[in-house]
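One structure is given below, encoded as structure tokens.
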Amino acid sequence: MAGFRFHKVAAIAVLVATGAWMLTGEFSSVGSATPDAAAETAPEARAERPPRLVAVVDAPRIVHARTIRISGRTEADQRAVLASRVGGIVEDLPLRQGDRVEAGDIVMRLETEGKESAVETARQLLAQRETEFAATERLVNSGNLPRLQLDNSRSALASARSQLDAAAAELARIEVRAPFSGIIDRVRTEIGSSVSQGSEIATLLSLDPIVAVGEVSERDVAYVRPGHPASIRLVDGREMTGEIRFVSREASAQTRTFRVEVAIPNPEATIPSGMTTEITLSAEPVQSVMLPRSVITLSADGDLGVRGVDQSETVVFYPIDLVDDSPTGLYLAGIPDAVRIIVAGQELVTEGERVNAVPADEDTLRRLVGEFAATDAR
Numbered sequence: 002m003a004g005f006r007f008h009k010v011a012a013i014a015v016l017v018a019t020g021a022w023m024l025t026g027e028f029s030s031v032g033s034a035t036p037d038a039a040a041e042t043a044p045e046a047r048a049e050r051p052p053r054l055v056a057v058v059d060a061p062r063i064v065h066a067r068t069i070r071i072s073g074r075t076e077a078d079q080r081a082v083l084a085s086r087v088g089g090i091v092e093d094l095p096l097r098q099g100d101r102v103e104a105g106d107i108v109m110r111l112e113t114e115g116k117e118s119a120v121e122t123a124r125q126l127l128a129q130r131e132t133e134f135a136a137t138e139r140l141v142n143s144g145n146l147p148r149l150q151l152d153n154s155r156s157a158l159a160s161a162r163s164q165l166d167a168a169a170a171e172l173a174r175i176e177v178r179a180p181f182s183g184i185i186d187r188v189r190t191e192i193g194s195s196v197s198q199g200s201e202i203a204t205l206l207s208l209d210p211i212v213a214v215g216e217v218s219e220r221d222v223a224y225v226r227p228g229h230p231a232s233i234r235l236v237d238g239r240e241m242t243g244e245i246r247f248v249s250r251e252a253s254a255q256t257r258t259f260r261v262e263v264a265i266p267n268p269e270a271t272i273p274s275g276m277t278t279e280i281t282l283s284a285e286p287v288q289s290v291m292l293p294r295s296v297i298t299l300s301a302d303g304d305l306g307v308r309g310v311d312q313s314e315t316v317v318f319y320p321i322d323l324v325d326d327s328p329t330g331l332y333l334a335g336i337p338d339a340v341r342i343i344v345a346g347q348e349l350v351t352e353g354e355r356v357n358a359v360p361a362d363e364d365t366l367r368r369l370v371g372e373f374a375a376t377d378a379r
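See below:
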């Protein structure tokens, strides 16, 4: 009976002790973080964490011109459709398609049809009126004729001169002459054909220089100026250089683009008019930095740019001004000279953070400026 009472008392004691332990709540710490792990998550421990390691580079400064590529076509520097000024029969076509002409050369001549005779008649009449005027003037000056007779003679002389000029002009209209030097591209009539006033005779092209014409967007037109260098690439692979000679100041109402003309030397007329071409325009050269696309990142506000490290080893962010996008990398402007660009680890740091910046390795330098300039950039 005594043994039974002892076991009963012991069980009650254990139950009471267990209940007291559970009431303290200490059991919740079982399996939780150790004191050392908890200490590491404290604010003081985070503040004492060593600066993050990033790779930086002093990006080389390059004078580079913004490149703008557009599609276009070639056009003749001058183009004229020559037409007959009077009707008649074609008597002579001294030039054929493909012939070169100089300004003033005869392209077509019509039959005279009495026009030369009209000129000769008007010339003889003028000579007669000049003689009569001279005789009348002598008689008037001597007092043998009234002054009114001199006025009548002068009027007749002026009329004769006008008739000669009209006859000569009518004779000149039977000829069609080249208004400028170039190449006869098409001839639309034949010897013996009858033409009327205004009939098309031939097409004349001036192909030196040849003009590459394209449309530049309203975003890029501010960077394009007459006199800037440019180049073209034809569909057959030929490449030529020239310069911008004209930039329109009025946008197309349909496309909101601006016409640009590039003059390319073409002394042998090897580049025809109407050929499709790719036009590369060069803007004013500016100081820029060449970086790979992988360096570009986003700021906390979502702006596109690069992260760098200033003199105090603090991370700074700079929005980029894209100068050019080339196959080897990006040309960027707007980055201060004293800033070292983060090229590895830029996505793991934030603006204002202190970091441990170390020079980038050789492989990173090659990505930045190419193998030929890795030593200089270092």
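Under the numbering used here, the first residue of the sequence shown carries the number 2, and numbering increases by one thereafter.
Even glycine gets a Cβ: it sits at the ideal position worked out from N, Cα and C.
In this structure, the straight-line span from the alpha carbon of A361 to that of A345 is close to 8 Å. DSSP places V296 within a helical segment (H, G or I) once states are collapsed to three. Excluding the 5 residues flanking it on each side, I63 has same chain C-beta neighbours closer than 6 Å at S289 and M291, in chain order. Straight through space, the alpha carbons of T75 and L333 are spaced by roughly 32 Å.
When beta bridges are read from the DSSP output, H229 appears opposite no residue. A223 and G215 have their C-alpha atoms some 15 Å from each other.
Straight through space, the alpha carbons of E92 and L165 are spaced by roughly 24 Å. Residue burial annotation: G99 is exposed, with fewer than 16 other C-beta atoms found within 10 angstroms of its C-beta. If you check the CB distance, P210 and I265 come in under 8 Å. Given a length threshold of 4 residues, each whole run of the alpha helix (DSSP H) inside the segment 95-153 is given here in chain order: 116-143. Sequence-distant partners of A170 (beyond 5 residues in either direction) whose C-beta falls short of 6 Å from its own C-beta are missing from its chain. Taking a C-beta distance under 8 Å as the contact criterion, A66 and A284 qualify as a contact pair.
Inter-segment contact for the segment 317-334 and the segment 293-300 is present: three or more beta-carbon pairs are separated by less than 8 Å.
Going by DSSP, I175 is part of no beta strand (DSSP E) at all; its letter is neither H nor E. Take M276, set aside five residues on each side of it, and the residues of its chain with a beta-carbon closer than 7 Å to its own are R74, T75, L235 and V236, in chain order. Residues V55, V57, V310, E314 and R341 of the same chain have their beta carbon placed closer than 7 Å to that of A358, with the five preceding and five following residues left out of the count. Note: G89 is bridge-paired with V196 in the DSSP secondary-structure output. Residue nearest to T298 within the set P273, Y319, Q150 and D78 is Y319 (criterion: CA-CA distance).
R67 is bridged by DSSP to nothing; it lacks a bridge partner.
Taking S182 as the centre and dropping the five residues before and after it, the same chain places the C-beta of E103 and A104 closer than 6 Å to its C-beta, in chain order. Counting the other Cβ atoms within 10 Å of the Cβ of R257 gives fewer than 16, which makes it exposed. Rounded to whole angstroms, the Cβ separation of V317 and E352 is 6 Å, and the two are in contact under 8 Å. Burial of T137 is indicated by the presence of at least 16 other C-beta atoms within 10 angstroms of its C-beta. Using a 10 angstroms sphere on the CB of Q125, the tally of other CB atoms stays under 16, which defines it as exposed.
Going by DSSP, M276 is part of no beta strand (DSSP E) at all; its letter is neither H nor E. In the structure shown, the three-state DSSP call for E240 is strand.
Remark: three or more beta-carbon pairs, one from each stretch, lie closer than 8 Å, so the segment 83-92 and the segment 194-205 are flagged as touching.
Following the DSSP letters along the chain, one finds Y332 inside the beta strand (DSSP E) bounded by residues G330 to A334.
A77 is the residue among T68, S72, A77 and A60 whose C-alpha sits nearest the C-alpha of I272. In the DSSP annotation of this structure, S253 is not part of any beta strand (DSSP E), being labelled neither H nor E.
With 16 or more other Cβ atoms inside 10 Å of its own Cβ, I343 counts as buried. DSSP places G353 in no beta strand (DSSP E); its state is neither H nor E.
DSSP places E269 in the coil class of the three-state scheme, outside both helix and strand.
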